[in-house]
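Novice: So the sequence lines, in the order shown, correspond to chains A, B, C, D and E.
Going by the numbering used here, the first sequence opens with residue 1, and the numbers climb by one from there.
Going by the numbering used here, the second sequence opens with residue 1, and the numbers climb by one from there.
Going by the numbering used here, the third sequence opens with residue 1, and the numbers climb by one from there.
Going by the numbering used here, the fourth sequence opens with residue 1, and the numbers climb by one from there.
Going by the numbering used here, the fifth sequence opens with residue 1, and the numbers climb by one from there.
Beta carbons: idealized from backbone N, C-alpha and C, even for Gly.
This is the structure I want to talk about, given as structure tokens.
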Amino acid sequence: MIGFVARRLLQAIPLLIGVSLIGFGLMHLAPGGPLAVYTLNPTIQAQDIERIRIIFGLDQPIHVQYVKWATGIFSGNWGYTFFGGRPVLDVILERLPATLLLMGSALSVAILLGLSIGVLGAVKRYSVFDVLATTGALFALSFPTFWFGLMAIFVFAIELRWLPSGGMWELGEEGNILSLLQHLVLPTLVLALVITATWSRYSRSAFLEVMHQDYMRTARAKGVPPRARLLRHAFPNAAKPLIALLGVEVPFLFSGALVTETIFGWPGMGRLFVDALGMKEYPVLMGMMMFTAIFVILGNLLADIAIAAIDPRVRLR
Amino acid sequence: MAEPLLEVAGLQVHFPIRSALLRRRIGTVRAVDGVNLSVARGETLALVGESGCGKTTTGKAILRLIEPSGGSIRFGGEDIARHSQAQLAPFRRRMQIVFQDPYASLNPRMTVGGILAAPFEIHRIGDARDRADRVAALLRTVGLPPEAARRYPHEFSGGQRQRIGIARALALEPELVIGDEPVSALDVSIQAQIINLMKRLQAELGLAYVMISHNLAVVSHVADRVAVMYLGRVVETAPRETLFFDARHPYTQALLSAVPEPVPGRRRARQVPQGDVPSPASPPSGCHFHPRCPHAMPRCAQEAPASRIVASGHAVACHLEAP
Amino acid sequence: MTIRISRRGVLAGSAGTAMLLAAPTVRGQSINRDRIILAMTQEPVQFNPLLYVNAGTENVPEACLFDALWDVDDKGNFIPNLAAQVPSRQNGGISADGLTWTVNLKRGVKWSDGQPFTAKDVEFTYQTIMSPNVAVRSRSGFDLIKAFRVKDDHTVEMELSRPFVPFLWAWQNMHIVPHHILSREQNIQTAAFNSQPIGTGPFLLRSRTAGSHMVYERNPNYHRGPAKVRQFIHKFVPDQMAAYGQARTGEVDYLALGGVPNDRWAEARAFPDRDFLLYPTPNVQFIYYNCGKPQFADPRVRRALTMATQMQKSIDDIYFGTWPRTLSYLQPTHWAYNGDLRDYTNDAAGAERLLDEAGWRRGADGIRAKDGVQLKFTMSTTAGNVARQGCQALFQQNWKAIGVEMEIRNMPASVVWGEYTTQSRFDTLLVAWDPTVGLDPDYTARCHSRMIPVKHRQGSNYVQYENAEVDRLLELGVTQTEQADRIRTYRQIQAILHEEVPFAAQGGSVQGHLKRKQLQGPTPNQYVTDITWNVYDWAWA
Amino acid sequence: MTAAATLPRDARAAAAEGPLLAVRDLTVHIPVPPHVLRAVDGVSFELNRGETLGLVGESGSGKTLTALTLMRLLEPPLAEMPRGEVVLEGTDLMRLSEIEMSALRGRTVSMVFQEPMTSLNPVMTVGRQIAEPMVRHLGLSTRMATMRAEEMLRLVGIPDPARVARAYPHLLSGGMRQRAMIAIALACRPALLVADEPTTALDVTVQAQILDLLAAMQREIGSAILLITHDLAVIAETAHRVAVMYAGRIVEEAPVASLFAAPRHPYTRGLLASIPRIERRPEPTLPEIPGMVPGPAERPAGCAFAPRCGRAQPRCAAKAPALLPLAPGHRAACWNPEDG
Amino acid sequence: MSATAAAPESQAGRVWARFRRHRLALAGGMVVALLLASALFAPVLAPQDPTLLDTALRFRAPFADWHFPLGTDELGRDTLSRLLHGGRVSLTVGLVAMVTTVMTGALIGIAAGYLGGIADTVLMRFVDTMLCFPQVFLLLVVAAFVPPTLVSISLVIGLTSWMEVSRIVRAEILHLKEQDFVAAARALGASRARIMFRELLPNAAAPILVAATLKVASAVLMESYISYLGYGVQPPLASWGNMLTNAQGYFDTVPWLAILPGAAITLTVMGFNFLGDGLRDALDPRLRMDP
């Protein structure tokens, strides 16, 4: 187990190097750059732009810039933002809790709902419920998230005024759990919608797959009644691919959170990314890419460990 | 004796077992561990043994479908064990294989005509018209109508597919055909048809067969000589009749006694070996069979017995046969 | 196991949902007179006034936390702030040759950490601006200072290399930073000060919730007297519609910058308990013609293209008539605006005649060409700006009618305003910019022939416009100290630009702000980008 | 638990009380547009207590479907297809609800499947899997059932039962798994054990062990066994009586000695002849049955074997023959049976 | 059980028979066919030039004026014409992106799966690396890299979403290459290329086909996302995504401007999703209904 974790973490190093190289290359080779923001300032002149380019180190060859950045990362220095000169790690970490909260709550809702719908669909295959659930899931998957989000704001926040339209807290109510929950409802539902749909489909097929296995027939042949077959025999086996999915889902969640946060003004990493991308805050963008990559790697690692815990055949090698 | 068509000496196929952390090689599965065989032209050598004994690996290694780790494979006098793919090309025409599973061995997305024309396309033999003629002839040879060429494999029964598989193996007019359990997936009534077909083709075309099988009864009908494998090693080689009626190795004897016979009440006093075949990843020391052997001696656990010739064409690797 | 935990979480969550739906919604109905909540769509990323990038957004912390030497009020008058009085010829602050400027500083001003404010801070601010290691957004004006002398603790003297009237503007826009803190920093770029600022301003930064809002607490020792509310909250609502919604419900007291969407102005004006403020900005929106491209070298082409556009219609229908039409780079309300200019747009026939005359004749495919060059070009602006895209579509149609093909090629802001603009790679741009030095009519950086960055590595004359007469007038304008002289000079410049159209002005950008009726203080000021310019004065009625 | 199920009994004595299992006119017709696949076509047979009936047939003959049907193990949509009666100890299984059937499965009637590698739940210890039916049907505590599970493992010849009970299936060899399967099936000492190709996937030496084990367990527990296989040699060694299936029907049924000594149906005879045997001087060619099993569309109106039959007469193609007694206990469905 | 029974119909026939039973899939297929046809014939079907604007006629409601059957937008352009032409753009993006995705994914998947060894390790590490980026991240970063044209957006979407396909294909190839027909081809001396593209590829067609239909759906959605975030197809070219973006400001006052393109996106994505689902059921032997 320790050996496995160690090896996976070792394997993560080239992966992270790859991510950083691709990310760095894409960003720096792209036209435009952080200096464009200064162009909007009426008093700026060509000589000012040149001076700032040198201060930001953008005049150096790209490989020199990369090596400088990478050495920084190795010594725990994630660099400073171009605009504001704040440590990148601080900037990211102050946004992280909000994103994790949103992702966590959306994921919880989605897993619970999706799993229930999927299992029920698998058990009552081709029933009215199954057809409705399948159709509904496809329907949900066909909605652009932002469109659904805007509709939700329009209906629940503007017309009905049941829920706040955005933000995380009522001003001055920071720390009030009720206020937080009120603000959490709409973005959670919007983000959860698509994941629920995905999960219901995956869990349906995972259960269908398991229920056709020989050992399920064995369980039936020894007189285990349907409910116990589902819970004791099918569930642990079906959970495996779903847990693997959970690991793979991380980047997808980030993508979804990005759009959702933008719509609902949720102060998380998604908005930080959109803002940083708009301003070409390379250090922040790089930091976030590394962060999500680390999350993805950890997510997959945890999923693998969980799978090994469930399935004795899987040895962590 | 004339030079054999195929002579395999000391053939080894090893698969590495790698460590968790750095994928270092920490062990070896000796799937095939020093196998010696020879096949004369027109002869059938049967390779028998239980699952995991390495018989299929041996067969595929001879064809270089699996890379051998050591030993020599002399085919027509030339050692092909280390030939490059390009050097192998001419040998591909001279030896072919028929597989066990008639479903998996035919490409489901190709017509039978396409499957049978592939050998000619690969070796650039003839033009399209010529190839079609050849395909028709092949189909006739294995007892199928030429119209079969237009159809897809799934439209055929298992026996018919196996005929197609045989036709493909014969397309390039090989001298040696390796049959990897060619009838074990078939129903009994079909099995007889295919055995008869293969025997007929052997007689007509002068083929040599290496017949890999776990079914001793089938082997007894097709083989000229039999080699018995256990955990990567050949434990006994003998002419057909000798092996079935005068087996010397305890494993061969056990195997024979376990074969069920379609005669009610003839349930023989079995000397069925206890336990299961051990894993080839961690075979027992010395003679691999010693933990299950009724005649095991202390020596058997320490020392692997060498193969000894006990009679003409009969070799046994057992300490009981030690002088 | 994961799934069980999450189930519990969700159960708690759904119980919560039930509770909230049952809870009464009291949000935003009553006024909390202890604080003012200001909403904007963007979030400031830093609070060091020397380093700011987003004009408008970062002006808020700047105005709350810092002071400049003097400010500009809504009439365009300079009013002293940290300076005891605004230097002028009359009060002896400016020498007769206009080269020596003396500033007397207010006494008894303290930094929020209790340290006294002195001339050293002003000197340090100047030095920092000129330091090669600090990414100050602009040195415009400051680069003319030949010598900076601290006469005593409360007097500084600056000697300019040449007379430069807009020098006043340079200092009103530049807030003073504390010498005693920043001089200790190795690297001002990454100093902790940038996120924990210390200033002399009317407010202190109390807390900051990234992505959400910032809370300011009143500075009891403010040199102009303490602010009238205890708390000032700057809230970020990234979606304009959402922000407008919050201003309607009262979740925020004042919606500024971005403001009310143009199509909602009529609606917003009608709210009985809200004030709708028409807030002019210094920005003017232009079509930029790249005079360095062969199609646009001939002023007649630029003029003909401009004639063909339906400028007034674009304002009426796309900006819902909310913008004033302007014919120069100044808002029509600016003191130097040339009111004699005549709008020649919406004249397709005239445009066709002019193009024919210039030798651009329609080809077989209906597109005009001359010497094998077709009158075909691209127009770029920030991708995703719906209103500008609407304008582009209209202009495209206008030009198609006269045999000119324009292709819209919009790009993300960081691309289009990058080297694409600064190295003059565009054909045409649709762009909104404000004058170069505060609200001074000086436009040297944008249209002097020495200011073409691709040629001279300085300036921001991205359209590569060259005209010797304009150059001469620009050089003259900055030396004239009498407003009447200056008006004459700049009207002349505007007239030439109106003829030769290196950039065709469309309209002056105006924002619609919405505030509670009871909120006093927010006052439109077209001379600054800073909507909180008088934040120390804001109060509840 | 019925007394009958627990006590080992003399098969012949039990037979006097009437059969344990009576299958009557079992039919499974599956619509496979545009055809109807008559997968099981009016199958009837009886099985006495403590007896082993071999059900033999080639692939596609319907033997496995018959077994799954009488266990009521078909999944939807197939579950709706079967007709006929399956009377076990006086109860028609076809009329039971799934819950009622669940109470019977594993207790009165159990099943062992062909694939030992996939038939055990990979994420449950072997011990738990054996204990499960005992907890469910016999009301044992988990602790008791686990102890009994170890006993069962010892009974099926597993050398280190305590260790194996705690092990997961993937650590066991094929033979060991099949033993564990048998332990599960016999845990509640069922009256009937259905064994569907229990040794087909195993090596020949292990097959011999498992067949011996089944025989030993039958002596110990007294269960009747329905042994389904394609291998006549396995039948010869294990069964008391044999039923031969071809294309969904039973074509011949007889005591094992009688069938092997004097098969009356041409198909049975052909089948027996085509089995290769170890002989000193084998014939140069094996006797073969020409042609192949007909597909669902090609199944003739009369005897399904007629097209391949050397003794076929015109009426064979016209009308399917009934399964009629030709000698005591020996029935065959043939218009023109072989001589006895 | 009945496997030996030789089926008289062809494989395609059986697939079609299974597919036909899937009524939603059939409906999806029909919707897709209709959409493709309407996009193909958009210039003929559209009553107006989609870029022709007349602000005097803006915000006409649908069904109010037969000149503008579905009303007009904020610049007075005909919504129906824009929907039809927008469909052309969105579907082009979807199809081009799908082809890019499938070709890249299949090629890498086959190469990794069949060649194994170092090639496999390197390629799959590359896939892992790409998977570490949330797709929207990559998409936006790359979108900032190239000017947003129809082709570049399609390629960008395609090149950022092939990883899943390559994993599917690789898994399929790993399974297939152990099959004896591949060994047979090798025994005959077939070259690697022949084995990869003639023997293996056609057998991996089913999952590729399914992935392809689903990729069209996700690419259409993706285009609307990046349009929403301001990096999409540029005006005056109408795409459903940018129609939606433009309609954002009129969400509460002129809702049909947002509802119509939103519905078009949903319809398209659903059509392709149902089609893909039906194909999956029809092509995946494990989910067969027949015994």
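Please go through the same chain and pick out, in chain order, the residues whose beta-carbon is closer than 8 angstroms to the beta-carbon of residue 102 of chain A, but skip the five residues on each side of it.
Specialist: Stepping through the first sequence from its first residue, residue 102 of chain A is reached at position 102. Counting only Cβ-Cβ distances below 8 angstroms, and skipping sequence neighbours, we find 184, 187, 188, 191, 257, 260, 261, 266 and 268.
Novice: Cα separation between residue 370 of chain C and residue 112 of chain E?
Specialist: By one-based count along the third sequence, residue 370 of chain C stands at place 370. By one-based count along the fifth sequence, residue 112 of chain E stands at place 112. Distance from the CA of residue 370 of chain C to the CA of residue 112 of chain E, rounded to the nearest whole angstrom, comes to 56 angstroms.
Novice: Would residue 355 of chain C be called buried (16 or more neighbouring beta carbons within 10 Å of its own) or exposed?
Specialist: Looking up residue 355 of chain C in the third sequence gives position 355. Per the 10 Å Cβ criterion, buried.
Novice: Between residue 218 of chain A and chain D, is the shortest Cβ-Cβ distance under 8 angstroms, so that the two count as touching?
Specialist: On the first sequence, residue 218 of chain A is found 218 positions in, with the first residue counted as 1. Residue-level contact check: residue 218 of chain A touches chain D, since one or more beta carbons of chain D fall below 8 angstroms from its beta carbon.
Novice: Over the uninterrupted alpha helix (DSSP H) stretch that includes residue 170 of chain D, give me the two end residues.
Specialist: Within the fourth sequence, residue 170 of chain D is the residue found at index 170, counting from 1. Careful: residue 170 of chain D lies outside any alpha helix (DSSP H) and carries neither H nor E.
Novice: Which runs of the alpha helix (DSSP H) spanning at least 4 residues fall entirely within the stretch 10-92 of chain A, listed in chain order?
Specialist: 36-39, 46-55 and 62-74
Novice: Spell out whether any CB of chain A is found under 8 angstroms from the CB atom of residue 249 of chain E.
Specialist: As a first step, residue 249 of chain E is located in the fifth sequence; it is residue number 249 there, counting from the start. No, its Cβ sits nowhere closer than 8 angstroms to a Cβ of chain A.
Novice: Using only the alpha-carbon positions, how far apart do residue 17 of chain E and residue 106 of chain A sit?
Specialist: The residue given as residue 17 of chain E occupies position 17 in the fifth sequence. The residue given as residue 106 of chain A occupies position 106 in the first sequence. Residue 17 of chain E and residue 106 of chain A: Cα-Cα distance of roughly 40 angstroms.
Novice: Residue 75 of chain E touches chain C at which residues, Cβ-Cβ below 8 angstroms?
Specialist: Here residue 75 of chain E corresponds to residue number 75 of the fifth sequence, with the count starting at 1. Neighbours of residue 75 of chain E on chain C, chain order: 317, 318, 390, 393 and 394.
Novice: If you measure from the beta carbon of residue 215 of chain A to each beta carbon in chain C, is any gap under 8 angstroms?
Specialist: Here residue 215 of chain A is taken as the residue at index 215 of the first sequence, counted from 1. Answer no: the Cβ-Cβ gap between residue 215 of chain A and chain C never drops below 8 angstroms.
Novice: What are the boundary residues of the alpha helix (DSSP H) that residue 526 of chain C is part of?
Specialist: The residue labelled residue 526 of chain C in the question sits at position 526 within the third sequence. First-last for residue 526 of chain C: undefined, no H or E at that position.
Novice: Within 10 Å of its beta-carbon, does residue 1 of chain A have 16 or more other beta-carbons around it, so buried, or fewer, so exposed?
Specialist: Against the first sequence, residue 1 of chain A aligns to sequence position 1. It is exposed - the Cβ of residue 1 of chain A has fewer than 16 other Cβ atoms within 10 Å.
Novice: What residue from D/94, D/20 and D/40 has the CA that sits closest to residue 244 of chain D's CA?
Specialist: Position 244 of the fourth sequence, counting from 1, holds the residue named residue 244 of chain D. It is D/40 whose Cα lies nearest to the Cα of residue 244 of chain D.
Novice: How about the stretch 176-195 of chain D and the stretch 214-223 of chain A: do they share at least three Cβ pairs that are nearer than 8 angstroms?
Specialist: yes
Novice: Using a Cβ-Cβ distance cut-off of 8 angstroms, determine whether residue 123 of chain A contacts chain D.
Specialist: Counting from 1 along the first sequence, the entry for residue 123 of chain A is found at position 123. Output row for residue 123 of chain A: interface = no.
Novice: So, is the C-beta of residue 146 of chain D closer than 8 angstroms to a C-beta in chain B?
Specialist: Position 146 of the fourth sequence holds residue 146 of chain D. No, residue 146 of chain D does not count as interfacial toward chain B.
Novice: Between the stretch 156-190 of chain B and chain E, which residues of the former have CB atoms less than 7 angstroms from a CB of the latter, in chain order?
Specialist: 156, 157, 158 and 168
Novice: Beta strand (DSSP E) containing residue 314 of chain A: first to last residue?
Specialist: By one-based count along the first sequence, residue 314 of chain A stands at place 314. Segment: none, residue 314 of chain A is in no beta strand (DSSP E) and carries neither H nor E.
Novice: Okay, do the stretch 226-234 of chain E and the stretch 201-217 of chain E touch, 3+ Cβ pairs below 8 angstroms being the bar?
Specialist: no
Novice: Using C-beta distances below 6 angstroms, list every residue in its chain close to residue 202 of chain C, excluding the 5 sequence neighbours before and after it, in chain order.
Specialist: Translated into the one-based positions of the third sequence, residue 202 of chain C becomes position 202. Counting only Cβ-Cβ distances below 6 angstroms, and skipping sequence neighbours, we find 219, 222, 227 and 536.
Novice: Beta-carbon within less than 7 angstroms of residue 207 of chain A's beta-carbon, same chain only, minus the 5 sequence neighbours each way: which residues are those?
Specialist: In the first sequence, counting from the first residue as 1, residue 207 of chain A sits at position 207. Excluding sequence neighbours, residue 207 of chain A sits near 118, 119, 122, 234 and 238.
Novice: So, under 8 angstroms CB-CB, residue 470 of chain C and residue 487 of chain C are touching, yes? Tell me the CB distance rounded to an integer number of Å.
Specialist: By 1-based counting over the third sequence, the position of residue 470 of chain C is 470. By 1-based counting over the third sequence, the position of residue 487 of chain C is 487. Actually they do not touch by this definition, with Cβ atoms about 16 angstroms apart.
Novice: Residue 533 of chain C by DSSP, collapsed to three states: which one?
Specialist: Numbered from its first residue, the third sequence carries residue 533 of chain C at position 533. Coil at residue 533 of chain C, not helix or strand.
Novice: Which residues does DSSP list as the beta-bridge partners of residue 209 of chain B?
Specialist: Here residue 209 of chain B corresponds to residue number 209 of the second sequence, with the count starting at 1. Answer is B/44 and B/177, bridged to residue 209 of chain B.
Novice: Measure from the C-beta of residue 234 of chain A to each C-beta in chain E and report whether the shortest distance is under 8 angstroms.
Specialist: The count along the first sequence starts at 1 and reaches residue 234 of chain A at position 234. So, not an interface residue.
Novice: So, at 8 angstroms on beta carbons, what are the nonlocal neighbours of residue 68 of chain B in its own chain, with the 5 sequence-adjacent residues on each side left out?
Specialist: Within the second sequence, residue 68 of chain B is the residue found at index 68, counting from 1. For residue 68 of chain B, where only same-chain residues beyond five positions count, the Cβ hits under 8 angstroms are 11, 12, 13, 32, 61 and 81.
Novice: Could you check where the beta strand (DSSP E) with residue 370 of chain C kicks off and where it finishes?
Specialist: Counting from 1 along the third sequence, the entry for residue 370 of chain C is found at position 370. From DSSP, the beta strand (DSSP E) with residue 370 of chain C extends over 368-370.
Novice: Against chain E, which members of the stretch 89-111 of chain B pass a CB distance test of less than 7 angstroms?
Specialist: 89, 92, 96, 97, 99, 101, 104, 105, 106, 107, 108 and 109
Novice: Check the Cβ of residue 106 of chain D against every Cβ in chain A and list those closer than 8 angstroms, keeping chain order.
Specialist: Here residue 106 of chain D refers to the residue found at position 106 of the fourth sequence. Chain A residues near residue 106 of chain D: 221, 222, 223 and 224.
Novice: Whole-angstrom Cβ separation of residue 271 of chain E and residue 87 of chain E, contact assumed at under 8 angstroms?
Specialist: The residue you call residue 271 of chain E lines up with position 271 of the fifth sequence. The residue you call residue 87 of chain E lines up with position 87 of the fifth sequence. The pair is not a contact, with the Cβ atoms about 12 angstroms apart (cut-off 8 angstroms).
Novice: Whose CA, out of D/21, D/75 and D/86, lies closest to the CA of residue 42 of chain D?
Specialist: Locating residue 42 of chain D in the fourth sequence gives position 42, counting from the first residue. Out of D/21, D/75 and D/86, D/86 has the C-alpha closest to the C-alpha of residue 42 of chain D.
Novice: Could you work out which residue in B/198, B/176, B/188 and B/175 is closest to residue 164 of chain B when comparing CA atoms only?
Specialist: For this step, residue 164 of chain B is matched to residue 164 along the second sequence. Closest option to residue 164 of chain B, Cα to Cα, is B/198.
Novice: By alpha-carbon positions, which one of C/139, C/431, C/80 and C/147 ends up nearest to residue 48 of chain A?
Specialist: Numbered from its first residue, the first sequence carries residue 48 of chain A at position 48. The shortest CA-to-CA distance from residue 48 of chain A to any of C/139, C/431, C/80 and C/147 is the one to C/139.
Novice: Are the CB atoms of residue 302 of chain C and residue 288 of chain C nearer to each other than 8 angstroms?
Specialist: By one-based count along the third sequence, residue 302 of chain C stands at place 302. By one-based count along the third sequence, residue 288 of chain C stands at place 288. Cβ atoms of residue 302 of chain C and residue 288 of chain C: not closer than 8 angstroms.
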